[in-house]
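Chemist: In the working numbering, the protein residues as written are 14 to 778.
For every residue, glycine included, the Cβ atom is placed at its ideal position computed from N, Cα and C.
After the structure tokens below, expect a handful of questions from me.
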Amino acid sequence: MKCIRTYLLAKVLLIAMPLWALAQAGSQALPAVIPLPVTMTPSTGSFIIDGTTKIVVTDSALNKMAGLLNGYVLAYGNKPLSKTTITPGNNFISLSIDSTGIPHKEGYLLHVDKKSIRCIGHDASGVLYGLQTLRQLWQAGKGSIEVPCYTINDDPRFAYRGMALDVSRHLFPVSFIKKYIDWLALYKFNTFHWHLTDDQGWRIEIKKYPRLQSVAAWRNETLIGHKKELPHRFDGKRYGGYYTQQQIKEVVQYAADRHITIIPEIEMPGHASAALAAYPTLGCTGGPYTTATFWGVFDDVYCAGNDSAFVFLQNVLDEVMTLFPSKYIHIGGDECPKTRWKVCAKCQQRKQTLHLPDEHALQSYFIQRMEQYVNSKGRQIIGWDEILEGGLAPNATVMSWRGEEGGKAAIAQHHSVIMTPETNCYFDYYQSLYAEEPLAAGGFTPLQKVYGYEPLAGNADSATTTYLAGVEGQAWSEYYTSEAQAAYMIFPRALALAELAWTPKSKRNYENFLNRLRGEASLLKHQKINYDPHFDDITYTAVPVQNNVLQINLQSAARGSDIRYTTDNTVPTIQSSLYTSAIEIKNTCTVKALLFNRQHQPTGRLFQQSFRIHKAVGATVTLLNKPIDRFNPGNTTLVNGLFGSNRYNDNQWLGFSGNDLEAVIDLGKQQTVQHLALQVLNYHWQRMWAPVTLQLLASKDGEHYTELYRQNSFPVNGINKVDVPVTPVQVQYIKVIGTNKGVIPAGEYGAGGNALLLIDEIVVE
Ligand code: TNX
14 MKCIRTYLLA KVLLIAMPLW ALAQAGSQAL PAVIPLPVTM TPSTGSFIID
64 GTTKIVVTDS ALNKMAGLLN GYVLAYGNKP LSKTTITPGN NFISLSIDST
114 GIPHKEGYLL HVDKKSIRCI GHDASGVLYG LQTLRQLWQA GKGSIEVPCY
164 TINDDPRFAY RGMALDVSRH LFPVSFIKKY IDWLALYKFN TFHWHLTDDQ
214 GWRIEIKKYP RLQSVAAWRN ETLIGHKKEL PHRFDGKRYG GYYTQQQIKE
264 VVQYAADRHI TIIPEIEMPG HASAALAAYP TLGCTGGPYT TATFWGVFDD
314 VYCAGNDSAF VFLQNVLDEV MTLFPSKYIH IGGDECPKTR WKVCAKCQQR
364 KQTLHLPDEH ALQSYFIQRM EQYVNSKGRQ IIGWDEILEG GLAPNATVMS
414 WRGEEGGKAA IAQHHSVIMT PETNCYFDYY QSLYAEEPLA AGGFTPLQKV
464 YGYEPLAGNA DSATTTYLAG VEGQAWSEYY TSEAQAAYMI FPRALALAEL
514 AWTPKSKRNY ENFLNRLRGE ASLLKHQKIN YDPHFDDITY TAVPVQNNVL
564 QINLQSAARG SDIRYTTDNT VPTIQSSLYT SAIEIKNTCT VKALLFNRQH
614 QPTGRLFQQS FRIHKAVGAT VTLLNKPIDR FNPGNTTLVN GLFGSNRYND
664 NQWLGFSGND LEAVIDLGKQ QTVQHLALQV LNYHWQRMWA PVTLQLLASK
714 DGEHYTELYR QNSFPVNGIN KVDVPVTPVQ VQYIKVIGTN KGVIPAGEYG
764 AGGNALLLID EIVVE
């Protein structure tokens, strides 16, 4: 045990954690292995790897693994280890395969004792994963590496453990792609989903179509700031590039050496602006088209009535399938507006000839025709969940992103499914609500939300769900303007996903994960992963406890730190109030809080949040219609003194999908009201539409209402603040009616679907 303690102490010191943290962490101070292995049994002592240690490999299939191990050793400035096929008496690391002894695919046994390390895999992947665990166990120094004695038995929960990267919106060089692949392997991902084409740029060389390189790979300029900021501003700089086939081959090999399969994605029939710019005859109108310069969904798509569009895509896929040996080829299928098809003679002709009922069926025809082609080459397709609309292609795997609904529907039809719901697996969303977070796509997916995701609500392991292949994290790059920014958004959320993908459900525990994540800091740093370190930030909840009184709870996952706070707008110091229990707030104010460590030093970022206390805070709210689950943090959200932010997914907005808002606020007794205020959202690119009509009414008895105010236009793109002074009246009830836009009109994002009406905080003064 002594050595383990020494090891832990060294590790703790290395990451510059104060000593008290060790005591604090107590028995939870495990070596920082992420994802957590199935079983880890410590024993006494440690093994020292130095220049005299040998790697024993008898199976030539594992020579590459020995090479990788030496790479990891070298990366710490140590000498490479020499290889042998003869097992010495001691001081060796043996790599071997035993598919009977280790029964599970990709599983491994890592046994470290004072004399040797044995890494036995079910297959070569298993050996690779054993080595990744070894890298996380060891304490590397110059000249030698100490590994605590352990026996670890491990294998993955899901067969499909994926991370994507969008290189269309922003392009990343081959050097970054390789680093990314290294990082994925370290956390035991086995699939890299490479999103290679989109409206804003085509990134793979296709020799048959040179204009994909000279035209589709380039855009004239790029949007500055967020898409919701109107009018759009552009940088005026030509942007683009693509990967040559030679580079792709190199990356595919690099990934294969790390047992990562690359699944290429070639988008169709939508997200095709760049390809159409190069070959306008493939679209319905014939163009001219341009490679998109801002983010979104575009009406111009491949023409479903034009055989040459299919021939083009088949030729493209021929080259793609030559480059990528993966069983699966992702052909997109998402966000394809039917606007052009509806008025295109060729598309309508196709619809008629095939007796297709509508344009959804036409999309289904498109995907099925491409599926047949891909299948004829011995491969399978993956498509986003929109491929369910109009009928699923017979052998397709569905990637469920708009929640789990698509995934469930596909499972019901006995199709294989990969879960990647945007609420939990989209790493382009904000991970914190702190104002200093760099610009991101808009939603809010903190680390805990990723970690807490459980596919199919905990039923993922039952026999009925053999169709659930696994999970994937999405890295859309609209707002990833640099490699550092991409890494910041992806990590550590990808680590949370890695643990969900690998570790048995029963073993997962967020606090324990955070402990290990803190312990992982030195490795993340060594890997030069610019991860977001703010997962210990102070967060809060606010609950109205009685009329005009809010109870504020502050929390942080940080161990052994104190929270100190102020309500007078000053920055907290060590003299400020110590947070011990919920704060009661009776007046409008800003709470500011900071973490102080044992040395009384402030750590982390300054928390600040304003609360507006008004007459409705704590009042009873009755809703006529139920908000949709995704935007239903509870009725009191409308009267909790807090305003929703433009990150709209911050649990302050109440959302109604397709149906109207009708809220009645009971102030408890008659009161003088002279001012009403609220907020509604207009983000059409996220299906969010301000009400067609908003009415504010008041009543003394809850039966007879008088209209105080009505508004029919909400011109602001984003948050519309409604601020209404009213002639003072004595009332007990306030009614707010918002008429939903209903079905999203043609030409708009999500056309034909239900509009979302979002409202927050009804201020009564
Ligand atoms: C939707 S997810 C998209 C992407 C965007 C992403 C932004 C999916 C299949 N399509 O084109 O980049 O939202 O969050």
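Residue 431 and residue 255 - do their beta-carbons sit closer together than 8 Å?
Modeler: Residue 255 sits at position 242 when you count from the first residue of the sequence shown. Residue 431 sits at position 418 when you count from the first residue of the sequence shown. It is not a contact, given that the beta carbons lie outside the stated cut-off.
Chemist: With the cut-off set at 8 Å, would you say residue 215 and residue 288 are in Cβ contact?
Modeler: Walking along the sequence shown from the start, residue 215 turns up at place 202. Walking along the sequence shown from the start, residue 288 turns up at place 275. Cβ distance < 8 Å, so residue 215 and residue 288 count as in contact.
Chemist: For residue 230, verify whether its CB is less than 7 Å away from any heavy atom of the ligand TNX.
Modeler: Counting from one through the sequence shown, the residue named residue 230 turns up at place 217. For the ligand TNX, not one heavy atom lies less than 7 Å from the Cβ of residue 230.
Chemist: Please classify residue 235: is it buried, with 16 or more other beta-carbons within 10 angstroms of its beta-carbon, or exposed?
Modeler: Locating residue 235 in the sequence shown gives position 222, counting from the first residue. Looking at its Cβ environment, which holds 16 or more other Cβ atoms inside 10 Å, residue 235 is buried.
Chemist: Return yes when at least one heavy atom of the ligand TNX lies under 7 Å from the C-beta of residue 439, else no.
Modeler: Along the sequence shown, one-based indexing puts residue 439 at 426. Yes, the beta carbon of residue 439 sits closer than 7 Å to at least one heavy atom of the ligand TNX.
Chemist: Whole angstroms is fine: what's the gap from residue 343's alpha carbon to residue 281's?
Modeler: In the sequence shown, residue 343 corresponds to position 330, counting from 1. In the sequence shown, residue 281 corresponds to position 268, counting from 1. Approximately 10 Å between the Cα atoms of the pair.
Chemist: Starting from the Cα of residue 228, find the closest Cα among 246, 302, 190 and give me that residue.
Modeler: Along the sequence shown, one-based indexing puts residue 228 at 215. Cα-wise, what sits closest to residue 228 is 302.
Chemist: Hey, how far is the Cα of residue 29 from the Cα of residue 626?
Modeler: Start at 1 with the first residue of the sequence shown, and residue 29 comes out as number 16. Start at 1 with the first residue of the sequence shown, and residue 626 comes out as number 613. At residue 29, the pLDDT of 33 sits below 50, so the modelled position is not reliable and the matter cannot be decided from this model.
Chemist: What is the DSSP secondary structure of residue 673, reduced to helix, strand or coil?
Modeler: The residue you call residue 673 lines up with position 660 of the sequence shown. Correct three-state label for residue 673: coil.
Chemist: If you pair each beta-carbon of the region 235-244 with each one of the region 162-170, do three or more pairs fall below 8 Å?
Modeler: Judged by Cβ distances under 8 Å, the region 235-244 makes no contact with the region 162-170, as fewer than three pairs qualify.
Chemist: Can you give me the C-alpha to C-alpha distance between residue 202 and residue 47, rounded to a whole angstrom?
Modeler: One-based indexing of the sequence shown puts residue 202 at position 189. One-based indexing of the sequence shown puts residue 47 at position 34. Computed Cα separation, rounded: 11 Å.
Chemist: For residue 399, collect the residues of the same chain with a Cβ closer than 6 Å to its Cβ; drop the 5 residues on either side in sequence, then sort them by chain order.
Modeler: For the purposes of this step, residue 399 is identified with residue 386 of the sequence shown, where counting begins at 1. Cβ within range, chain order: 346, 347.
Chemist: Does the count of Cβ pairs from the region 627-637 and the region 403-423 closer than 8 Å reach three?
Modeler: Output reads no: the region 403-423 does not touch the region 627-637.
Chemist: Report yes if the CB atom of residue 107 is closer than 8 Å to the CB atom of residue 129, and no otherwise.
Modeler: Counted from its first residue, the sequence shown places residue 107 at position 94. Counted from its first residue, the sequence shown places residue 129 at position 116. A contact, by the Cβ cut-off of 8 Å.
Chemist: Measure the alpha-carbon distance for residue 774 versus residue 694 and round it to whole angstroms.
Modeler: On the sequence shown, position 761 is the one that residue 774 refers to. On the sequence shown, position 681 is the one that residue 694 refers to. So the two alpha carbons sit approximately 12 Å from each other.
Chemist: What distance in whole Å lies between the Cβ atoms of residue 700 and residue 436, which are believed to be in contact at a cut-off of 8 Å?
Modeler: As a working note, residue 436 is residue 423 in the sequence shown. As a working note, residue 700 is residue 687 in the sequence shown. Going by Cβ atoms, the distance from residue 436 to residue 700 rounds to 14 Å, so no, they are not a contact pair.
Chemist: For the region 264-291, list the alpha helix (DSSP H) runs that are entirely contained and at least 4 residues long, ordered along the chain.
Modeler: Those alpha helix (DSSP H) runs which fall completely within the region 264-291 and span 4+ residues are 286-291.
Chemist: Put residue 499 into one of helix, strand or coil per three-state DSSP.
Modeler: For the purposes of this step, residue 499 is identified with residue 486 of the sequence shown, where counting begins at 1. Three-state DSSP puts residue 499 in a helix.
Chemist: Could I get the ranges of all uninterrupted alpha helix (DSSP H) runs contained in the region 724-762, with 4 residues as the minimum, in chain order?
Modeler: Listed in chain order, there is nothing to give.
Chemist: At what residues does the beta strand (DSSP E) containing residue 563 begin and finish?
Modeler: Taking the sequence shown and counting its residues from 1, one reaches residue 563 at position 550. First-last of the beta strand (DSSP E) with residue 563: 562-568.
Chemist: CB residue 770 to CB residue 669, shorter than 8 Å?
Modeler: Along the sequence shown, one-based indexing puts residue 770 at 757. Along the sequence shown, one-based indexing puts residue 669 at 656. Cβ distance < 8 Å, so residue 770 and residue 669 count as in contact.
Chemist: Tell me the residue span of the alpha helix (DSSP H) that contains residue 651.
Modeler: One-based indexing of the sequence shown puts residue 651 at position 638. It is not in any alpha helix (DSSP H) - residue 651 carries neither H nor E in the DSSP assignment.
Chemist: What's the call for residue 756, buried or exposed, on a 16-neighbour Cβ count within 10 Å?
Modeler: Walking along the sequence shown from the start, residue 756 turns up at place 743. Label assigned to residue 756: exposed.
Chemist: Quick check: what's the CA-CA separation for residue 10 versus residue 275?
Modeler: The shown model of the chain, from 14 to 778, leaves out residue 10, and the question about it has no answer.
Chemist: Going by DSSP, what residue range makes up the alpha helix (DSSP H) through residue 321?
Modeler: Here residue 321 refers to the residue found at position 308 when the sequence shown is read from its first residue. Looking at the DSSP string, the run of the alpha helix (DSSP H) that includes residue 321 is 320-336.
Chemist: Is the beta carbon of residue 219 sitting closer than 8 Å to the one on residue 261?
Modeler: Taking the first residue of the sequence shown as 1, we reach residue 219 at position 206. Taking the first residue of the sequence shown as 1, we reach residue 261 at position 248. Not in contact: residue 219 and residue 261 (Cβ atoms no closer than 8 Å).
Chemist: Put residue 161 into one of helix, strand or coil per three-state DSSP.
Modeler: For the purposes of this step, residue 161 is identified with residue 148 of the sequence shown, where counting begins at 1. Three-state result, residue 161: strand.
Chemist: With 16 other CB atoms within 10 Å as the buried threshold, where does residue 250 fall?
Modeler: On the sequence shown, residue 250 is found 237 positions in, with the first residue counted as 1. Its Cβ having fewer than 16 others within 10 Å, residue 250 is exposed.
Chemist: Per DSSP, which one or two residues make a beta bridge with residue 236?
Modeler: Here residue 236 refers to the residue found at position 223 when the sequence shown is read from its first residue. BP columns for residue 236 point to 247.
Chemist: According to DSSP, which residues form a beta bridge with residue 62?
Modeler: Counted from its first residue, the sequence shown places residue 62 at position 49. Answer is 158, bridged to residue 62.
Chemist: Using DSSP with H/G/I as helix, E/B as strand and the rest coil, what is residue 602?
Modeler: Stepping through the sequence shown from its first residue, residue 602 is reached at position 589. Here residue 602 sits in strand by DSSP.
Chemist: Here's the rule I'm using: 16 or more other beta-carbon atoms within 10 Å means buried, otherwise exposed. How should residue 272 be labelled?
Modeler: Position 259 of the sequence shown holds residue 272. The residue is buried, with at least 16 neighbouring Cβ atoms inside 10 Å.
Chemist: Taking the alpha-carbon positions, what's the residue 776 to residue 649 distance?
Modeler: Taking the sequence shown and counting its residues from 1, the one referred to as residue 776 is at position 763. Taking the sequence shown and counting its residues from 1, the one referred to as residue 649 is at position 636. Answer to the nearest angstrom: the Cα atoms are 12 Å apart.
Chemist: For residue 67, which beta-bridge partners are listed by DSSP?
Modeler: By one-based count along the sequence shown, residue 67 stands at place 54. In the DSSP output, where bridge partners are listed per residue, residue 67 has 95, 105.
Chemist: Within the continuous beta strand (DSSP E) that includes residue 138, where are the two ends?
Modeler: What you label residue 138 is simply residue 125 of the sequence shown in a count that begins at 1. Residue 138 -> not in any beta strand (DSSP E); alpha helix (DSSP H) instead, spanning 137-150.
Chemist: Reducing DSSP to helix, strand and coil, say where residue 50 ends up.
Modeler: To locate residue 50, count along the sequence shown from 1; it is residue 37. Residue state, collapsed to three classes: coil.
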